[in-house]
Amino acid sequence: MSFCFLHMRSCLLLVFCYSFLLCEATFDNGTSYVLGEDESGAVQISDPTTGDTVDQSPASDGSGDGMNLPAVLWIVFAFLIGFPLLTMGVRLGRFTSGVGLGLGLAVALWASVINTVSEGDISDIVILAIAVVLFLIGFIVGVMTIEYLVGVLALGAAGGMSLAMRAVLMREDLLVPIYYVNWILCSVFGAVGLFLALLTDRWGVIIGSSSAGSFLVGLGVDLLINKQSGISRGLRFLFDRNKNHLADILGNGYQPPISTIVIMAVTLALIPIFSFAQHKIFPQPFRKARHRPASLLGDDASVRSRTWIDEPPSTQALVTHSEEEATLVTPTGYQDELKEKALVAAGVPKLKHTEH
Ligand SMILES: *[C@@H]1O[C@H](CO)[C@@H](O)[C@H](O)[C@H]1NC(C)=O
Numbered sequence: 001m002s003f004c005f006l007h008m009r010s011c012l013l014l015v016f017c018y019s020f021l022l023c024e025a026t027f028d029n030g031t032s033y034v035l036g037e038d039e040s041g042a043v044q045i046s047d048p049t050t051g052d053t054v055d056q057s058p059a060s061d062g063s064g065d066g067m068n069l070p071a072v073l074w075i076v077f078a079f080l081i082g083f084p085l086l087t088m089g090v091r092l093g094r095f096t097s098g099v100g101l102g103l104g105l106a107v108a109l110w111a112s113v114i115n116t117v118s119e120g121d122i123s124d125i126v127i128l129a130i131a132v133v134l135f136l137i138g139f140i141v142g143v144m145t146i147e148y149l150v151g152v153l154a155l156g157a158a159g160g161m162s163l164a165m166r167a168v169l170m171r172e173d174l175l176v177p178i179y180y181v182n183w184i185l186c187s188v189f190g191a192v193g194l195f196l197a198l199l200t201d202r203w204g205v206i207i208g209s210s211s212a213g214s215f216l217v218g219l220g221v222d223l224l225i226n227k228q229s230g231i232s233r234g235l236r237f238l239f240d241r242n243k244n245h246l247a248d249i250l251g252n253g254y255q256p257p258i259s260t261i262v263i264m265a266v267t268l269a270l271i272p273i274f275s276f277a278q279h280k281i282f283p284q285p286f287r288k289a290r291h292r293p294a295s296l297l298g299d300d301a302s303v304r305s306r307t308w309i310d311e312p313p314s315t316q317a318l319v320t321h322s323e324e325e326a327t328l329v330t331p332t333g334y335q336d337e338l339k340e341k342a343l344v345a346a347g348v349p350k351l352k353h354t355e356h
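Residues in the sequence shown are numbered from 1 upward in steps of one, following UniProt numbering.
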């Protein structure tokens, strides 16, 4: 238990440092730049210390325009990842840990690109391509790597954050008028999700995948209905404080359409429903095979979670051998059955489940 408190303490410490960084030298709107008007009445952003005006461009963030290629790709991506995650995240162990790592990397990169790239000389499709490539790298590493825990933790954090983000994006110009408080909320929920995944990987994955999955599905639906003026606009408003985008982001603000608010409320309600459904439909423990989760896509060496009783040495060798073959050639799920048969054939009397 002291291990948990240690983590809790370091999480809180991180959140405090982070909030200090965010609120340092900025107004409540999350920027130190000043919104004004020039002689002709056009919106103008100026540096508070030098008084220089800052060139402005529309907030380019890879979301596309109307239903052009980047916009359609976002929708496809959201559904393609969202549906499996929402409905069977806990069963798709490798996929899930891959998605967790991929999402973590892609979102971090996307946020840093939109915040650092100056006046619109990078196109939507390039930003999207960078995000997708990063996602794929994270995904492949998450699927292939021996250590799945990082992916699972990233998924837990993404699930917690996406939950808080929906609450934050429900109100015009964000839930809390003080910009960085919204981020503290998201961070605290992200830390809770991460912590839950650390405590119990099964529940961390069930809730994390239901939350992140429902968010992505909701994002897909909202992009179909509201294009770039719904959740997409909200995410830009939340993430983007690029000084070259301020005239657009803060000048035009964020007014969520009613349908966006409804979609977010519905997807929030889906989290407990799908968590419970995943828990009931996939009762298998989130087993570790060579420290990997059991997965429809991967192997399942659940033999390691059993202890053999009364085994004669020669029989044990025989059983272990045939099981290794079974692990190689058969899909997950049939293996337990095969093992029982191998055991009966080998005449091993009893086996007992052991907890890790
Ligand atoms: C941010 O808020 C401050 C204080 O209300 C205001 O003076 C400033 O113009 C705002 N900046 C932008 C970019 O909206």
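Every residue gets a Cβ at the ideal spot worked out from N, C-alpha and C, and that includes glycine.
Residue i versus the options, residue with shortest Cα-Cα distance
i, options, result
"Ser-32", "Phe-95, Ile-45, Ser-123 and Val-217", "Ile-45"
"Pro-285", "Gly-156, Ile-127, Asp-201 and Ile-261", "Asp-201"
"Gly-204", "Ser-259, Asp-248, Pro-272 and Ile-225", "Pro-272"
"Ser-211", "Arg-166, Gly-234 and Arg-233", "Arg-166"
"Gly-64", "Phe-274, Leu-128 and Asn-252", "Leu-128"
"Val-168", "Leu-238, Ala-106, Gly-89 and Lys-243", "Leu-238"
"Asn-244", "Asn-29, Thr-49, Ser-40 and Pro-58", "Pro-58"
"Ile-206", "Gly-93, Tyr-148, Asp-173 and Ile-140", "Gly-93"
"Gly-234", "Leu-224, Val-221, Pro-257 and Ala-247", "Pro-257"
"Gly-36", "Asn-252, Leu-268, Phe-274 and Ile-261", "Asn-252"
"Val-143", "Phe-95, Ser-187 and Ile-122", "Phe-95"
"Ile-263", "Leu-174, Leu-199, Val-221 and Thr-53", "Val-221"
"Thr-260", "Glu-172, Asp-47, Ile-125 and Leu-73", "Glu-172"
"Leu-174", "Asn-115, Leu-194 and Asp-240", "Asp-240"
"Gly-104", "Ile-231, Pro-283, Gly-62 and Val-132", "Val-132"
"Val-49", "Val-34, Gln-56 and Val-43", "One detail in the question is off: residue 49 reads as Thr in this sequence, not Val. The residue with the shortest Cα to Cα distance from Thr-49 is Val-34."
"Ala-157", "Gly-41, Leu-185 and Tyr-254", "Leu-185"
"residue 357", "Thr-87, Asp-55, Gly-193 and Leu-73", "Residue 357 lies beyond the stretch modelled for the chain, which goes from 1 to 356, so this question has no answer here."
"Gly-62", "Phe-282, Ser-232, Pro-283 and Met-170", "Ser-232"
"Asp-38", "Thr-53, Phe-27 and Asp-47", "Thr-53"
"Asn-242", "Val-117, Lys-280 and Phe-274", "Val-117"
"Ala-265", "Met-170, Gly-41 and Gly-66", "Met-170"
"Phe-27", "Ala-42, Ser-40, Gly-41 and Asp-47", "Asp-47"
Residue i: CB within 7 Å of a non-hydrogen atom of ligand 1
i, result
"Asn-29", "yes"
"Tyr-180", "no"
"Val-176", "no"
"Tyr-148", "no"
"Val-34", "yes"
"Ser-246", "In the sequence on display, residue 246 carries Leu and not Ser. Under cutoff, so the answer is yes."
"Leu-250", "yes"
"Ile-281", "no"
"Gly-45", "What sits at residue 45 in the sequence shown is Ile, not Gly. Because some heavy atom of ligand 1 lies under 7 Å away, the Cβ of Ile-45 counts as near it: yes."
Beta-bridge partners of residue i, as assigned by DSSP
i, result
"Glu-37", "Val-43"
Beta-carbon proximity of residue i to residue j, cut-off 8 Å
i, j, result
"Ala-197", "Leu-163", "no"
"Leu-85", "Leu-216", "yes"
"Ser-214", "Val-90", "no"
"Gly-160", "Gly-100", "no"
"Ala-111", "Lys-227", "no"
"Gly-30", "Tyr-179", "yes"
"Phe-79", "Gly-102", "no"
"Leu-155", "Ser-97", "yes"
"Ala-106", "Phe-135", "yes"
"Ile-130", "Val-141", "no"
"Gly-218", "Thr-145", "no"
"Ile-122", "Leu-69", "no"
"Ile-75", "Leu-223", "yes"
"Val-176", "Asn-182", "yes"
"Arg-236", "Ile-249", "yes"
"Ala-247", "Gln-56", "yes"
Quick check for students: name the residue ranges of the beta strand (DSSP E) that lie wholly in the stretch 42 to 117, counting only runs of 3 or more.
43 to 46
Would you mind listing the alpha helix (DSSP H) stretches within the stretch 201 to 246 that are 4+ residues and don't spill past its ends, in chain order?
201 to 226 and 231 to 239
Which ranges does the alpha helix (DSSP H) cover as unbroken runs of at least 4 residues, wholly within the stretch 146 to 204, from first to last along the chain?
Within the stretch 146 to 204, the complete alpha helix (DSSP H) runs of at least 4 residues are 149 to 168 and 179 to 199.
Every unbroken alpha helix (DSSP H) within the stretch 243 to 270, with a cutoff of 4 residues, ordered by chain:
246 to 252
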